[in-house]
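Using the numbering used here, you'd call the opening residue of the sequence shown number 717 and step up by one each time.
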Amino acid sequence: MTTVEDYLLDDAQMRAFIVNGYLKFSLPMDTGFHEACYAETEKVFAAQGNPGDDVYDAVPMLKEVFDHPLVVGTLTSILGEDYFMYPHRHCHLTPPRRQAQHDHKDSIPADHFVRHHRVRWAMAFYYPQDTPMAIGPTGVRPGTQYFITPDAARKHDEIPLVAKAGDIVFVHYDVWHRGLSNNTDRNRYMNKFLFCRSSEPVAPSWYSDSDMWMGPQHIYNHNADPIWQSIWNWHLGRADDGAGANGTDLDALGAELDHPDEHRAMNAAYRLGAAGEDGCERLFDYWTDESVNKLESNVTGRFRNPSELLSTHGLTAANSTSVERLQESLGSEHWWIRASAADRLGDIGVPARGAIPALIDAMEDASEWVRRNAAFSLGILDDNGTSAAVLGRHLSDTAPRVAQNSSLALCKMARNAQDAAGDLKQAVASDVKYVKSNSQLALHIMDS
717 MTTVEDYLLD
727 DAQMRAFIVN
737 GYLKFSLPMD
747 TGFHEACYAE
757 TEKVFAAQGN
767 PGDDVYDAVP
777 MLKEVFDHPL
787 VVGTLTSILG
797 EDYFMYPHRH
807 CHLTPPRRQA
817 QHDHKDSIPA
827 DHFVRHHRVR
837 WAMAFYYPQD
847 TPMAIGPTGV
857 RPGTQYFITP
867 DAARKHDEIP
877 LVAKAGDIVF
887 VHYDVWHRGL
897 SNNTDRNRYM
907 NKFLFCRSSE
917 PVAPSWYSDS
927 DMWMGPQHIY
937 NHNADPIWQS
947 IWNWHLGRAD
957 DGAGANGTDL
967 DALGAELDHP
977 DEHRAMNAAY
987 RLGAAGEDGC
997 ERLFDYWTDE
1007 SVNKLESNVT
1017 GRFRNPSELL
1027 STHGLTAANS
1037 TSVERLQESL
1047 GSEHWWIRAS
1057 AADRLGDIGV
1067 PARGAIPALI
1077 DAMEDASEWV
1087 RRNAAFSLGI
1097 LDDNGTSAAV
1107 LGRHLSDTAP
1117 RVAQNSSLAL
1127 CKMARNAQDA
1137 AGDLKQAVAS
1147 DVKYVKSNSQ
1157 LALHIMDS
């Protein structure tokens, strides 16, 4: 009998996920199981339409899929052993003769994520039917999870995830992808489920024989080695500070931040983050201007966050080197600087845990963007539930985004969030969809 340990990833598979943003497997289940799952899905859609988040209950066979040791082992490797299934899920139907979607990154309804490179979210795509090119597989652009703009994404070749019934693909939440055209007379289904990391990595959660980063022999479109190596180190639980400039031309790298090719600009941000205090100084100088220059487009863009900035990925890569100044920036007179600082302190993770009291104070900020980002970051940093009572009060925040992210944070720290238990019990009657479902989930984890 196979176990979860039999399906943990190895170093090569983890490196492939970091580079490409996806891994595909075939579930070792009888073909008849997937045929029955497809038939049951057809019945549900015919009777009630798309059940949305309720597909997990509407098609009970899906529980067997996502409880399978292959799924649990893969997600444990990517997200840690205490990951959880997020309440947002969806069965994507591509009916006959439907044309292809546009390239996009996913977004949770009613929220405005800042896109992060460190893997705290992952998706799983399960196909209950054979999915050849004609029926419209998912098209992914490998490596695009690290880039913000569609122009950068389109420089990466699209790979159609042609699948057999029972294939499942594990995907970085921010990879650019789309559903391709269905040119057949049959419905095509793809069950998308979303999973969340609870705690920061302190050691490999896969079968690791070596902590050495080795880049791929074949690179699809772009060498992002500074990014890949930083993400690899984070998964290993290594939050190394930058080693210093070491002869690097920091002025030239600073100029690269403005390069029209986002690939070159993002690599420069990571190299500056690894260059110690002098590199961070260039990033902070650029950050101040970038936060103003991109404010209008970030605020008005669909599913955008004002803290969606290229330079801040370098500040994350700098780890503890950037923490002190980011914490000081929580006191800026400009709300967009405070919001960005609150976001990045969380993305840095373990080296920024000393900022928890300042982020708790930021939960009372007049700006909902600051509160929203502070709540998200507390969910990353606060394993001990120090902020649980404050987050509990914000389950009824007047800004739904703040309430929703407070509920997500409490899911992550649920085992130490007893101070919020009363507020969570009240929030299960919330009018905000994911505040309600997240609160139910947090209480379930708390009691388990």
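All residues carry an ideal CB built from backbone N, CA and C; glycine is no exception.
Looking at the DSSP output, Lys740 shares a beta bridge with Val885. Of the candidates His872, Leu791, Ala990, His872 places its Cα closest to the Cα of Gly859. Out of Asn1121, Trp1052, Arg1131, the CA that lies nearest to the CA of Ala1143 is found in Asn1121. The stretch 799–811 makes contact with the stretch 1140–1155; the number of CB pairs closer than 8 Å reaches 3 or more. Around the C-beta of Asp890, 16 or more other C-beta atoms lie within 10 Å, and the residue is accordingly described as buried. Here DSSP, grouped into helix, strand and coil, assigns Thr810 to strand. Assignment of beta strand (DSSP E) within the stretch 885–915, counting only whole runs of 3 or more residues, yields 893–895, 904–912 in chain order.
Tyr842: member of the beta strand (DSSP E) spanning 837–842, first to last residue. CA-CA distance, Ser1036 to Glu1044, rounds to 14 Å.
Under DSSP, the beta-bridge partners assigned to Tyr923 are Asp726. Each residue's CA atom was taken as its position, placing Leu1075 and Leu1094 some 7 Å apart. Inter-residue distance for Pro976 and Ile864 is about 13 Å (C-alpha atoms, whole angstroms). In the structure shown, the three-state DSSP call for Arg870 is coil. The Cβ-Cβ distance between Ser915 and Asp1063 does not fall below 8 Å.
With a threshold of 16 other beta carbon atoms within 10 Å, Ser1027 meets it and is buried.
The bridge partners DSSP lists for Gly1047 come to none. Judged by DSSP secondary structure, Thr1114 falls outside any beta strand (DSSP E); it is assigned neither H nor E.
Taking a C-beta distance under 8 Å as the contact criterion, Pro844 and Tyr754 qualify as a contact pair. Contact check between the stretch 896–911 and the stretch 932–950: fewer than three CB pairs, one atom from each, fall below 8 Å, which does not count as touching.
The alpha-carbon separation between Arg836 and Val918 amounts to approximately 14 Å. Nearest Cα to Asn899 within the set Thr847, Lys880, Ala879, Ile884: Thr847.
In this structure, the CA atom of Thr719 is about 30 Å from the CA atom of His808. DSSP lists Gly855 as the bridge partner or partners of Pro876. Here DSSP, grouped into helix, strand and coil, assigns Tyr799 to coil. If you draw a straight line from the Cα of Tyr842 to the Cα of Ala1091, it comes to about 31 Å. In the structure shown, Arg1018 falls within a coil segment according to DSSP collapsed to helix, strand and coil. Per DSSP, reduced to three states, the secondary structure at Arg954 is coil, with no helix or strand assignment. Taking 8 Å as the cut-off, the Cβ atoms of Val887 and Met839 count as close.
The straight-line gap separating the alpha-carbon atoms of Gly765 and Asp827 is approximately 25 Å. Among the bridge pairs identified by DSSP, Thr847 is matched with Ala879. Cβ contact annotation for Ile794 (same chain, cutoff 7 Å, sequence separation greater than five): Phe733, Val835, Ala838, Phe886, in chain order. Distance check between Gly989 and each of Leu969, Lys1010, Ala1119 places Leu969 closest, using alpha-carbon atoms only. Secondary structure remark: continuous beta strand (DSSP E) runs of at least 3 residues inside the stretch 735–788, in chain order: 738–742.
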